[in-house]
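Peer 1: Chains as they are written, first to last, in our numbering: chain X, 1 to 355; chain U, 1001 to 1355. Heads up, the beta-carbon is just placed ideally off N, CA and C, and yes, glycines get one too. First the structure, then my questions, so here it is.
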């Protein structure tokens, strides 16, 4: 009575594509890797096809964390990073910090997490244990409690080792107020860019390059007190990098934002790898860095607070909100060579399965 | 510079296994399909290896929905159902109702949902749209708001079409109180059993059997008022079926619970299919049915309330808490033939990817 369908061989690994154009394998009307890149494509897909059918005012701006009641925030993120262990972290640490950071930058104190796992049959139990212990440690470190979870196992070849989705609940203590942003306000990044992306990429062995770079994956709870010190807007720098994440704010402002290339904090190995591979670090994802917009008069104090924390030692003012250079809504890069270049958001997948 | 790893062919579909023993492909120390079956195996794995490293008192009982504050509940569930469209529903409707029902049976009014999707490259966009619209409709019907989400796309062969994880936040209005359960209290099921499992199984085409059976997938919000009418405990009947889900309660009681086989509500097509395929409907998952334990004096009133709702028309008292038959903690079936049989919980995967 049981009929066996013939197994369909499917390629397990594709090389990462570094081009921004559509891949030759893509066909119209099918989901492409680009759709999941955290860029414009998915936002446009959702806005065009999906949001009209959801009558949820909270969903309108596609928030990473929604403030569902006056005092409660909810966030969710899926983690499909490949490999699941990488220099400086693993998918367990990543899934905790990712949700913790979404809450922090939304203005909420992270309190509770749920963890939902989709496991591929055949995953070594040792790996599962390591990752669960890593979830436990990362949640202790960030001060959150894992309170519920779920596990599904799918057949071999229907997942790649394991995927995790975490949701986080936090207590709202602040709210970004981008309408108060004025020319002269500072753009601060809390640390060096791109370590997470490069650590994962190099761990994949896709490039014949050795490097000491480690993921920056870390909880950003130390940023919470800054909400009371003149921070007007925060965003963790994930998929799409500094340029894409900052562009989402900039395009809503009646001013331009100018970033100074020479002020971007980069570690030596990241700078080297980016030059060698021809990758722009402004588009690389981090997992423990944030962008802050701070009112002009408070910027120095915020920078000092940041630099006193081990995770903020390399914090820097990288740019300003401006009225005179560029047009309203533009994000510009003042290059080392002295030029002024428009930074566009990433429209599609640059580095698949980076988080 | 880019090195391509040789693709590893992987069988895409395996036939469902109906035996309860380990499959020959399983090797020790590796995650088997059985681990994800909602049965004893995963509970034991978690209790042995994982919970000791999580110092969260809320996780102790592995709740489907955790009451994180006096007034707030959090739940999460992953959905990997295959096929994604089945008679009576689809993965979109399922992921909403699943989280809604976990909240309801925990005593919380469902309010907010997050939706996290993992998509396989190549998924038809039309399918994605249909599912998102289905999520939207199901959430309207259940009275919940989708407030945040996330999307990841993985390469072809690294997922099977799409997986969804929903998390739900609800307002706590009641709490189960199993310590108040006494001999004579009624075991009520809110409707016929097994439709969801059979609809999915037959839609897969693994059995050469035609049937009119449709999934029972539905929101259980109509049960919420019953919390004030003498309900002492509620559980939605998901993986593991009536027997496994009721056993989880029974094993903690100082009494036995006896179910009468002749009172189990079954639709004609489910009864027929189960007989033909040799499947025990007591172990089949539903997605719109619940077990209630109701104090003896209130059982008739609760049954009447249930039957007035379209989703409760086939509700029935199927058993009683007992002091004289069986031993404390035992779940027993009084069979049609007049015998008394012990019902054990499902220890492992019966029907993979049923939800």
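Would residue 121 of chain X count as contacting chain U if we go by Cβ distances under 7 Å?
Peer 2: What you label residue 121 of chain X is simply residue 121 of the first chain in a count that begins at 1. Interface residue, yes.
Peer 1: In this structure, does DSSP put residue 1054 of chain U in helix, strand or coil?
Peer 2: Position 54 of the second chain, counting from 1, holds the residue named residue 1054 of chain U. The answer is coil: DSSP assigns residue 1054 of chain U none of H, G, I, E or B.
Peer 1: List the endpoints of the continuous beta strand (DSSP E) containing residue 166 of chain X.
Peer 2: Along the first chain, one-based indexing puts residue 166 of chain X at 166. Looking at the DSSP string, the run of the beta strand (DSSP E) that includes residue 166 of chain X is 162–172.
Peer 1: Given that a residue counts as buried once 16 or more other Cβ atoms are within 10 Å of its Cβ, and exposed if not, what is residue 346 of chain X?
Peer 2: As a working note, residue 346 of chain X is residue 346 in the first chain. Flag for residue 346 of chain X reads buried.
Peer 1: Thinking just about the alpha-carbon of each residue, which of U:1087, U:1244, U:1295 and U:1268 is nearest to the one in residue 1230 of chain U?
Peer 2: The count along the second chain starts at 1 and reaches residue 1230 of chain U at position 230. With distances taken between Cα atoms, residue 1230 of chain U lies closest to U:1295.
Peer 1: Using only the alpha-carbon positions, how far apart do residue 1236 of chain U and residue 1065 of chain U sit?
Peer 2: To locate residue 1236 of chain U, count along the second chain from 1; it is residue 236. To locate residue 1065 of chain U, count along the second chain from 1; it is residue 65. One C-alpha to the other measures close to 12 Å.
Peer 1: Between X:98, X:150, X:162 and X:47, which lies nearest to residue 219 of chain X when the distance is taken from Cα to Cα?
Peer 2: Residue 219 of chain X sits at position 219 when you count from the first residue of the first chain. When only C-alpha atoms are compared, the closest one is X:98.
Peer 1: Enumerate in chain order the residues of its own chain whose CB-to-CB distance from residue 94 of chain X is below 7 Å, with the five nearest sequence positions on each side excluded.
Peer 2: For the purposes of this step, residue 94 of chain X is taken as residue 94 along the first chain, with counting starting at 1. The residues are 79, 81, 217, 287 and 355.
Peer 1: Could you tell me the distance, in whole angstroms, from the CA atom of residue 264 of chain X to the CA atom of residue 211 of chain X?
Peer 2: As a first step, residue 264 of chain X is located in the first chain; it is residue number 264 there, counting from the start. As a first step, residue 211 of chain X is located in the first chain; it is residue number 211 there, counting from the start. Going from the Cα of residue 264 of chain X to the Cα of residue 211 of chain X covers about 20 Å.
Peer 1: Residue 190 of chain X and residue 353 of chain X: beta carbons closer than 7 Å?
Peer 2: Locating residue 190 of chain X in the first chain gives position 190, where the first residue counts as 1. Locating residue 353 of chain X in the first chain gives position 353, where the first residue counts as 1. No; because the gap between Cβ atoms is not below 7 Å, this pair is not in contact.
Peer 1: Does the beta carbon of residue 1199 of chain U come closer than 7 Å to any beta carbon on chain X?
Peer 2: Locating residue 1199 of chain U in the second chain gives position 199, where the first residue counts as 1. No, residue 1199 of chain U lies away from the interface with chain X (no Cβ there is under 7 Å from its Cβ).
Peer 1: Who are the near neighbours of residue 1118 of chain U in its chain, counting only those whose CB is closer than 7 Å to its CB and skipping five residues on each side?
Peer 2: Position 118 of the second chain, counted from the first residue, corresponds to residue 1118 of chain U. Within the same chain, residue 1118 of chain U has close Cβ partners 1152, 1154, 1159, 1162 and 1163.
Peer 1: Closest by CA to residue 1046 of chain U, which one among X:103, X:149, X:194 and X:222?
Peer 2: Within the second chain, residue 1046 of chain U is the residue found at index 46, counting from 1. Closest by alpha carbon: X:149.
Peer 1: Could you check whether the segment 1319–1331 of chain U touches the segment 1249–1266 of chain U, counting it as contact only if at least three pairs of C-beta atoms, one from each stretch, sit closer than 8 Å?
Peer 2: Taking 8 Å as the limit for Cβ pairs, the verdict is that the segment 1249–1266 of chain U does touch the segment 1319–1331 of chain U.
Peer 1: Does any residue of chain X have a CB that is nearer than 7 Å to the CB of residue 1029 of chain U?
Peer 2: Taking the second chain and counting its residues from 1, the one referred to as residue 1029 of chain U is at position 29. Residue 1029 of chain U counts as touching chain X.
Peer 1: For a test of the three-state rule: what should DSSP assign to residue 60 of chain X, helix, strand or coil?
Peer 2: For the purposes of this step, residue 60 of chain X is identified with residue 60 of the first chain, where counting begins at 1. Residue 60 of chain X: coil per DSSP, three-state reduction.
Peer 1: Could you please give the first and the last residue of the uninterrupted beta strand (DSSP E) stretch that includes residue 1235 of chain U?
Peer 2: In the second chain, residue 1235 of chain U corresponds to position 235, counting from 1. Residue 1235 of chain U -> beta strand (DSSP E) spans 1231–1236.
Peer 1: Let me check one thing: in DSSP terms, what residues is residue 1342 of chain U bridge-paired to?
Peer 2: As a working note, residue 1342 of chain U is residue 342 in the second chain. DSSP, once it has assigned bridges, lists U:1332 as partnering residue 1342 of chain U.
Peer 1: Report yes if the CB atom of residue 221 of chain X is closer than 7 Å to the CB atom of residue 142 of chain X, and no otherwise.
Peer 2: Sequence index remark: in the first chain, residue 221 of chain X carries index 221 (1-based). Sequence index remark: in the first chain, residue 142 of chain X carries index 142 (1-based). In contact: residue 221 of chain X and residue 142 of chain X (Cβ atoms closer than 7 Å).
Peer 1: Given that a residue counts as buried once 16 or more other Cβ atoms are within 10 Å of its Cβ, and exposed if not, what is residue 1006 of chain U?
Peer 2: If you number the second chain from 1, residue 1006 of chain U lands on position 6. Because residue 1006 of chain U sits at a pLDDT of 34, beneath the cut-off of 50, its placement in the model cannot be relied upon, and the following sentence gives the value as read from the coordinates. Exposed is the call here.
Peer 1: Run the CB neighbour count on residue 61 of chain X, radius 10 Å, all protein chains shown included, and call it buried at 16 or more, exposed below.
Peer 2: Numbered from its first residue, the first chain carries residue 61 of chain X at position 61. So residue 61 of chain X ends up on the exposed side.
Peer 1: Indicate the three-state DSSP secondary structure (helix, strand or coil) for residue 239 of chain X in the structure shown.
Peer 2: Taking the first chain and counting its residues from 1, one reaches residue 239 of chain X at position 239. It is coil, neither helix nor strand.
Peer 1: From which residue to which residue does the beta strand (DSSP E) around residue 1196 of chain U run?
Peer 2: For the purposes of this step, residue 1196 of chain U is identified with residue 196 of the second chain, where counting begins at 1. Where residue 1196 of chain U is concerned, there is no enclosing beta strand (DSSP E), although the alpha helix (DSSP H) it sits in stretches over 1195–1203.
Peer 1: Could you run through the segment 70–85 of chain X and flag, in chain order, every residue whose CB is less than 7 Å away from some CB of chain U?
Peer 2: Those residues of the segment 70–85 of chain X that come within reach of chain U (Cβ to Cβ, closer than 7 Å) are 72, 74, 75, 76, 77, 78 and 80.
Peer 1: Using CA atoms only, rank isn't needed, just tell me which of X:75, X:299 and X:30 is closest to residue 1121 of chain U.
Peer 2: Residue 1121 of chain U sits at position 121 when you count from the first residue of the second chain. Out of X:75, X:299 and X:30, X:30 has the C-alpha closest to the C-alpha of residue 1121 of chain U.
Peer 1: Would you kindly report the start and end of the unbroken beta strand (DSSP E) that includes residue 261 of chain X?
Peer 2: Residue numbering aside, residue 261 of chain X sits at position 261 when the first chain is read from its first letter. Counting along the chain, residue 261 of chain X falls outside any beta strand (DSSP E), and DSSP gives it neither H nor E.
Peer 1: Can you tell me the Cα-Cα spacing of residue 1109 of chain U and residue 329 of chain X, whole angstroms?
Peer 2: Here residue 1109 of chain U refers to the residue found at position 109 of the second chain. Here residue 329 of chain X refers to the residue found at position 329 of the first chain. Each residue's alpha carbon lies about 42 Å from the other.
Peer 1: Assign residue 1177 of chain U to one of two classes, buried (16 or more other C-beta atoms within 10 Å of its C-beta) or exposed (fewer than that).
Peer 2: For the purposes of this step, residue 1177 of chain U is taken as the residue at position 177 of the second chain. Exposed, because fewer than 16 other Cβ atoms sit within 10 Å of the Cβ of residue 1177 of chain U.
Peer 1: Can you say whether residue 1413 of chain U is buried or exposed, counting buried as having 16 or more other CB atoms within 10 angstroms of its CB?
Peer 2: Nothing in the structure corresponds to residue 1413 of chain U, since chain U is present only between 1001 and 1355.
Peer 1: Should residue 1245 of chain U be labelled buried (16 or more other beta-carbon atoms within 10 Å of its own) or exposed?
Peer 2: Sequence index remark: in the second chain, residue 1245 of chain U carries index 245 (1-based). The residue in question, residue 1245 of chain U, is buried, as its Cβ has 16 or more Cβ neighbours within 10 Å.
Peer 1: Identify the continuous alpha helix (DSSP H) that holds residue 369 of chain X and give its terminal residues.
Peer 2: No information on residue 369 of chain X is available, as it lies outside the stretch 1 to 355 that chain X covers here.
Peer 1: Please work out which residues of its chain come closer than 6 Å, Cβ to Cβ, to residue 1259 of chain U, disregarding the five sequence neighbours upstream and downstream, and give them in chain order.
Peer 2: The residue you call residue 1259 of chain U lines up with position 259 of the second chain. Result list for residue 1259 of chain U: 1318, 1319 and 1333, in chain order.
Peer 1: Would you list, in chain order, the members of the segment 136–147 of chain X that have their beta-carbon closer than 7 Å to a beta-carbon of chain U?
Peer 2: 136, 145, 146 and 147
Peer 1: Could you list which residues in chain X have their beta carbon closer than 8 Å to that of residue 1042 of chain U, in chain order?
Peer 2: One-based indexing of the second chain puts residue 1042 of chain U at position 42. Within chain X, the residues near residue 1042 of chain U are 151.
Peer 1: On the three-state DSSP scale, how would you describe residue 1147 of chain U?
Peer 2: Here residue 1147 of chain U is taken as the residue at index 147 of the second chain, counted from 1. Shown here, residue 1147 of chain U sits in a strand according to DSSP, grouped into three states.
Peer 1: Identify whether residue 107 of chain X lies in helix, strand or coil by the three-state DSSP scheme.
Peer 2: The residue given as residue 107 of chain X occupies position 107 in the first chain. DSSP places residue 107 of chain X outside both helix and strand once states are collapsed to three, so it counts as coil.
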